[in-house]
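Have a look at the structure below, then the notes.
Number of protein chains: 2
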Amino acid sequence: MAGGPGRVPVDSATRATELSDAALAGDRRALARLLTAVENRTPVAEAALRSLYPRAGRAHLVGITGPPGAGKSTLVAAMIGQLRSAGRSVAVIAVDPSSPITGGALLGDRVRMQAYASDPDVFIRSMAARGHAGGLASATGAAASVLDAAGFDLIFIETVGTGQSEVEVAAAADTTVVLEAPEMGDEVQAIKAGLLEVADLVVVNKGDRPGAQRTAAQLRAMLVTVPRAGRDGRDARDATDDRPRPKQPEVLITTASSGDGVPALLAALDRHRAAMAGGPSTPARLARAEAQVWAILGDRLRAQLHDENRSGLTSEVMAAVAEHRLDPYSAADRLLRDIVAGRA
Amino acid sequence: MAGGPGRVPVDSATRATELSDAALAGDRRALARLLTAVENRTPVAEAALRSLYPRAGRAHLVGITGPPGAGKSTLVAAMIGQLRSAGRSVAVIAVDPSSPITGGALLGDRVRMQAYASDPDVFIRSMAARGHAGGLASATGAAASVLDAAGFDLIFIETVGTGQSEVEVAAAADTTVVLEAPEMGDEVQAIKAGLLEVADLVVVNKGDRPGAQRTAAQLRAMLVTVPRAGRDGRDARDATDDRPRPKQPEVLITTASSGDGVPALLAALDRHRAAMAGGPSTPARLARAEAQVWAILGDRLRAQLHDENRSGLTSEVMAAVAEHRLDPYSAADRLLRDIVAGRA
Numbered sequence: 000m001a002g003g004p005g006r007v008p009v010d011s012a013t014r015a016t017e018l019s020d021a022a023l024a025g026d027r028r029a030l031a032r033l034l035t036a037v038e039n040r041t042p043v044a045e046a047a048l049r050s051l052y053p054r055a056g057r058a059h060l061v062g063i064t065g066p067p068g069a070g071k072s073t074l075v076a077a078m079i080g081q082l083r084s085a086g087r088s089v090a091v092i093a094v095d096p097s098s099p100i101t102g103g104a105l106l107g108d109r110v111r112m113q114a115y116a117s118d119p120d121v122f123i124r125s126m127a128a129r130g131h132a133g134g135l136a137s138a139t140g141a142a143a144s145v146l147d148a149a150g151f152d153l154i155f156i157e158t159v160g161t162g163q164s165e166v167e168v169a170a171a172a173d174t175t176v177v178l179e180a181p182e183m184g185d186e187v188q189a190i191k192a193g194l195l196e197v198a199d200l201v202v203v204n205k206g207d208r209p210g211a212q213r214t215a216a217q218l219r220a221m222l223v224t225v226p227r228a229g230r231d232g233r234d235a236r237d238a239t240d241d242r243p244r245p246k247q248p249e250v251l252i253t254t255a256s257s258g259d260g261v262p263a264l265l266a267a268l269d270r271h272r273a274a275m276a277g278g279p280s281t282p283a284r285l286a287r288a289e290a291q292v293w294a295i296l297g298d299r300l301r302a303q304l305h306d307e308n309r310s311g312l313t314s315e316v317m318a319a320v321a322e323h324r325l326d327p328y329s330a331a332d333r334l335l336r337d338i339v340a341g342r343a
Numbered sequence: 000m001a002g003g004p005g006r007v008p009v010d011s012a013t014r015a016t017e018l019s020d021a022a023l024a025g026d027r028r029a030l031a032r033l034l035t036a037v038e039n040r041t042p043v044a045e046a047a048l049r050s051l052y053p054r055a056g057r058a059h060l061v062g063i064t065g066p067p068g069a070g071k072s073t074l075v076a077a078m079i080g081q082l083r084s085a086g087r088s089v090a091v092i093a094v095d096p097s098s099p100i101t102g103g104a105l106l107g108d109r110v111r112m113q114a115y116a117s118d119p120d121v122f123i124r125s126m127a128a129r130g131h132a133g134g135l136a137s138a139t140g141a142a143a144s145v146l147d148a149a150g151f152d153l154i155f156i157e158t159v160g161t162g163q164s165e166v167e168v169a170a171a172a173d174t175t176v177v178l179e180a181p182e183m184g185d186e187v188q189a190i191k192a193g194l195l196e197v198a199d200l201v202v203v204n205k206g207d208r209p210g211a212q213r214t215a216a217q218l219r220a221m222l223v224t225v226p227r228a229g230r231d232g233r234d235a236r237d238a239t240d241d242r243p244r245p246k247q248p249e250v251l252i253t254t255a256s257s258g259d260g261v262p263a264l265l266a267a268l269d270r271h272r273a274a275m276a277g278g279p280s281t282p283a284r285l286a287r288a289e290a291q292v293w294a295i296l297g298d299r300l301r302a303q304l305h306d307e308n309r310s311g312l313t314s315e316v317m318a319a320v321a322e323h324r325l326d327p328y329s330a331a332d333r334l335l336r337d338i339v340a341g342r343a
């Protein structure tokens, strides 16, 4: 259970300092490399985050989630346009449901954001949803801290709101925007109901479609009866999360393709941000902090289980569980006993 | 780091024995209660799993995943019909993307399965996707072990294949079926590319639609070039997972609504199962075992962090991270040092 401070190898620490200094000075390639290190959880990332983390905490993190086809990327692109006109800098972490292996086919709509490729105050980063054993929430939280330290005013975290991890990621932002579109199928309806629980703001996009006003009215009616979920995705049966829903989320209508309603949405984001300005340790920020600390604890434990003295035992125990010769509780206890004994 | 065997309270152990005995004797209400305990990770669940786990390992676990609207539930219902005609028992764990709070609105199509409500050899269970901090894969793995011990021949694990956790769950089954439907939007296309990596069998459902044959041909062409992902969702860049893709997954066409192609699919499932019969410790079974052991290790660590002597420190440290006064690595190291010191 060691892994104390000072464990970061010296060359990683040097590289981290170089990249961090360059990124803070505005070097976008250095920033991109730092984010790659963070995604891959390398020693460089650990060293960089140890120094950058205390510089973060000023950006407004906005989660944007909703079912496939609701128009998330188009809306983000529209917000970027208006934010840039107001002189504010924006970063986007687009959590990509596609494969890290097949090359991370970017979602079609995201191409529109490339209009900002040459703007130094806009930074867009795709992050693969798969392959984050330590938790997608911790990976995006760490990436957001780097972008935050680099000085971006707003950081959008865009996820497809149909998976557990993906919704938790969006819900751990300071402000969570749930996007809906009029007229969707049954399965999507069920997804919607789940999403509403994490919303600070609900946006009916594609507002130029006939059903938009009716959908907004239905959502307003639904929201009266939906209790608030834990910001970290725990459900309300969890006794540690009995915070009442602070207030009903506003329901707004936008038409991302034309920009209609986008200024009102940005104003609502600012209001939500101002309302929580009182205390920095909001439930969302605590959830982000816990996700990151928890992932690191998991890494430390994993490193112990796979270190050279113990990896043989670990493999043996896991195989015994896979073959149903040992139950998983006895297996966990056996591994923990060995770690504790190795330490005594 | 304690939590050794014998920690299960005596009354939980008694209750677990009662429920397990009844469930093994065919009492479906007892089985449902056990599964609820497993979902909530109670001491009863721990005691029951310790005794039931060694009795499991015989069922064929089949993951069914695909984008919303591909027809997963209809296909599962069609398979149940044909399996029952052949005298085989079936359980279904339907991972529900909707809320645990709003009452878990069942997906529309799933209603069809209620035709089997009175059949003792069919058992259908919804499981909420949200609220499994320790991992959805571990929760479904544990539930599958209970159903396996209870003697079901096949266990279907149905998930909406758009989220990281949900795909990992399906991919940790013995056989993973990825469902596709002809003609879907851009975002769904990207999801499809990610899903194909975990497929043992690819099924184009809605085979009566005009585009079905063309979609199947495109998928066969795509699959020639798609590398195999780690069964536990790690991506291929992970050096520990360099297993080659054993073979190209078959691409089948079904029309779940009419039952066309379903016998061929069931035959393909049996073939896949027979092909891996050589060794019980397959990568998928190892992934399931690891997910369960890992979740339990996490629970033990979490219990340590929140026990009466340490919860004050833990809260303090997490708040410091949330307020960016402390970086998450230093926080993790601080908590670990305290746990180790408390043990010395």
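Protein chains in written order, with numbering that gives the first Met the number 0: chain A, 0 to 343; chain B, 0 to 343. For glycine and all other residues, C-beta sits at the position ideal for the given N, C-alpha and C. Since we're looking at a predicted model, the values are computed, not measured.
Quick one, which residues of the segment 50-72 of chain A are near chain B if we go by CB-CB under 7 angstroms, in chain order? 52, 53, 55, 56, 67 and 68
Reduced DSSP category for residue 93(A) - H, G, I as helix; E, B as strand; rest coil: Against the first sequence, residue 93(A) aligns to sequence position 94. DSSP places residue 93(A) in strand when its eight states are reduced to three.
Distance check for residue 324(B) and residue 171(B), CA to CA, integer angstroms please. For the purposes of this step, residue 171(B) is identified with residue 172 of the second sequence, where counting begins at 1. For the purposes of this step, residue 324(B) is identified with residue 325 of the second sequence, where counting begins at 1. The alpha-carbon atoms of residue 171(B) and residue 324(B) are separated by roughly 40 angstroms.
Going by CA-CA distance only, name the one from 139(A), 267(A), 151(A) and 304(A) that's closest to residue 121(A). As a working note, residue 121(A) is residue 122 in the first sequence. Among 139(A), 267(A), 151(A) and 304(A), the Cα nearest to that of residue 121(A) is on 151(A).
Looking at residue 337(B) and residue 312(B), is the spacing between their C-beta atoms short of 8 angstroms? The count along the second sequence starts at 1 and reaches residue 312(B) at position 313. The count along the second sequence starts at 1 and reaches residue 337(B) at position 338. Taking 8 angstroms as the Cβ cut-off, residue 312(B) and residue 337(B) qualify as a contacting pair.
Taking contact to mean 3 or more Cβ pairs, one atom from each stretch, closer than 8 angstroms, check whether the segment 281-296 of chain B and the segment 7-21 of chain A are in contact. no
Using a cut-off of 7 angstroms between C-beta atoms, extract the partners of residue 292(A) located in chain B. Residue 292(A) sits at position 293 when you count from the first residue of the first sequence. Chain B residues near residue 292(A): 317, 320, 327, 330 and 331.
Nearest to residue 173(A) by alpha carbon, out of 198(A), 118(A), 38(A) and 125(A)? The residue you call residue 173(A) lines up with position 174 of the first sequence. With distances taken between Cα atoms, residue 173(A) lies closest to 198(A).
Closer than 7 angstroms to a non-hydrogen atom of the ligand NAD - does that hold for the CB of residue 284(A)? With respect to the ligand NAD, the structure offers nothing, as it holds no ligand at all.
Evaluate residue 329(B) with the Cβ neighbour count: other Cβ atoms within 10 Å of its Cβ, from every protein chain shown; 16 or more gives buried, anything less gives exposed. If you number the second sequence from 1, residue 329(B) lands on position 330. Counting Cβ neighbours within 10 Å, residue 329(B) comes out buried, since at least 16 surround it.
Going by CA-CA distance only, name the one from 285(B), 267(B) and 61(B) that's closest to residue 314(A). Translated into the one-based positions of the first sequence, residue 314(A) becomes position 315. Closest option to residue 314(A), Cα to Cα, is 285(B).
Closest Cα partner of residue 75(A) within the set 318(A), 322(A) and 176(A): On the first sequence, position 76 is the one that residue 75(A) refers to. Here the closest residue by C-alpha is 176(A).
Residues of chain B with a CB under 7 angstroms from the CB of residue 280(A): which are they? Your numbering for residue 280(A) matches position 281 in the first sequence. The answer, in chain order, is 318, 321 and 322.
When you compare the segment 55-71 of chain B with the segment 29-45 of chain B, are there three or more beta-carbon pairs, one atom per stretch, that lie closer than 8 angstroms? no
Can the beta-carbon of residue 65(A) be found less than 8 angstroms from the beta-carbon of residue 178(A)? Here residue 65(A) is taken as the residue at index 66 of the first sequence, counted from 1. Here residue 178(A) is taken as the residue at index 179 of the first sequence, counted from 1. Cβ distance < 8 angstroms, so residue 65(A) and residue 178(A) count as in contact.
Does the beta-carbon distance from residue 327(B) to residue 52(A) come in below 8 angstroms? As a position in the second sequence, residue 327(B) is number 328, starting the count at 1. As a position in the first sequence, residue 52(A) is number 53, starting the count at 1. Yes, the Cβ-Cβ distance between residue 327(B) and residue 52(A) is below 8 angstroms.
Spell out whether any CB of chain B is found under 8 angstroms from the CB atom of residue 40(A). Sequence index remark: in the first sequence, residue 40(A) carries index 41 (1-based). No, its Cβ sits nowhere closer than 8 angstroms to a Cβ of chain B.
How many angstroms separate the CA atom of residue 56(A) from the CA atom of residue 156(A)? Locating residue 56(A) in the first sequence gives position 57, counting from the first residue. Locating residue 156(A) in the first sequence gives position 157, counting from the first residue. Cα-Cα distance, rounded: 15 angstroms.
Out of 209(A), 71(A) and 37(A), state which residue places its alpha-carbon closest to the alpha-carbon of residue 255(A). Your numbering for residue 255(A) matches position 256 in the first sequence. Of 209(A), 71(A) and 37(A), the residue nearest in Cα terms is 71(A).
Per DSSP, cross-strand counterpart(s) of residue 176(B): Counting from one through the second sequence, the residue named residue 176(B) turns up at place 177. Per DSSP, 63(B) and 200(B).
Alpha carbon to alpha carbon, how far is residue 316(A) from residue 305(A)? Give it in angstroms, no decimals. The count along the first sequence starts at 1 and reaches residue 305(A) at position 306. The count along the first sequence starts at 1 and reaches residue 316(A) at position 317. Taking the straight line joining both Cα atoms gives about 12 angstroms.
To the nearest angstrom, how far is the alpha carbon of residue 231(B) from that of residue 25(B)? Taking the second sequence and counting its residues from 1, the one referred to as residue 231(B) is at position 232. Taking the second sequence and counting its residues from 1, the one referred to as residue 25(B) is at position 26. Below a pLDDT of 50, predicted positions are generally treated as unreliable, and residue 231(B), at 41, falls in that range; no measurement from the model is reported.
Cut-off 7 angstroms between Cβ atoms - residues of its own chain near residue 333(B), not counting five sequence neighbours on either side: On the second sequence, position 334 is the one that residue 333(B) refers to. For residue 333(B), where only same-chain residues beyond five positions count, the Cβ hits under 7 angstroms are 316.
On the premise that residue 163(A) lies in contact with residue 128(B), defined as a C-beta separation below 8 angstroms, what is that separation, rounded to the nearest angstrom? Along the second sequence, one-based indexing puts residue 128(B) at 129. Along the first sequence, one-based indexing puts residue 163(A) at 164. Yes, residue 128(B) and residue 163(A) are in contact; Cβ-Cβ is about 5 angstroms, under 8 angstroms.
By a C-beta neighbour count over all protein chains shown, 10 Å radius and 16 as the cutoff for buried, is residue 86(B) buried or exposed? On the second sequence, position 87 is the one that residue 86(B) refers to. Result: exposed.
So with CB distances below 7 angstroms, who are the chain A contacts of residue 295(B)? For the purposes of this step, residue 295(B) is identified with residue 296 of the second sequence, where counting begins at 1. The contacting residues are 327, 328 and 331.
Could you check if residue 124(B) is buried or exposed, using at least 16 other CB atoms within 10 Å of its CB as the buried criterion? Residue mapping note: residue 124(B) aligns to position 125 of the second sequence, counting from 1. The residue is buried, with at least 16 neighbouring Cβ atoms inside 10 Å.
How is residue 275(A) classed by DSSP in three states: helix, strand or coil? In the first sequence, residue 275(A) corresponds to position 276, counting from 1. DSSP places residue 275(A) in coil when its eight states are reduced to three.
Beta-bridge partners of residue 124(B), as assigned by DSSP: In the second sequence, residue 124(B) corresponds to position 125, counting from 1. Partner(s): 92(B).
Where residue 270(A) falls, given that 16 or more other Cβ within 10 Å makes a residue buried: On the first sequence, position 271 is the one that residue 270(A) refers to. Residue 270(A) is exposed by the Cβ-count criterion.
Would DSSP call residue 207(B) helix, strand or coil? As a position in the second sequence, residue 207(B) is number 208, starting the count at 1. Coil.
What residues of chain A sit near residue 45(B), judged by a beta carbon separation below 9 angstroms? Working through the second sequence from its first residue, we reach residue 45(B) at position 46. Neighbours of residue 45(B) on chain A, chain order: 328.
Any Cβ of chain A within less than 8 angstroms of the Cβ of residue 310(B)? Sequence index remark: in the second sequence, residue 310(B) carries index 311 (1-based). Not one chain A Cβ lies under 8 angstroms of residue 310(B).
Does DSSP classify residue 153(A) as helix, strand or coil? By 1-based counting over the first sequence, the position of residue 153(A) is 154. In this structure, residue 153(A) counts as strand in the three-state DSSP scheme.
Determine whether the Cβ of residue 163(A) lies closer than 8 angstroms to any Cβ atom of chain B. Sequence index remark: in the first sequence, residue 163(A) carries index 164 (1-based). Yes, because at least one Cβ of chain B sits closer than 8 angstroms to the Cβ of residue 163(A).
Suppose you measure from the CA of residue 94(A) to the CA of residue 169(A); what does that come to, to the nearest Å? Reading the first sequence from its first residue, position 95 is the one you call residue 94(A). Reading the first sequence from its first residue, position 170 is the one you call residue 169(A). Each residue's Cα considered, the two are about 10 angstroms apart.
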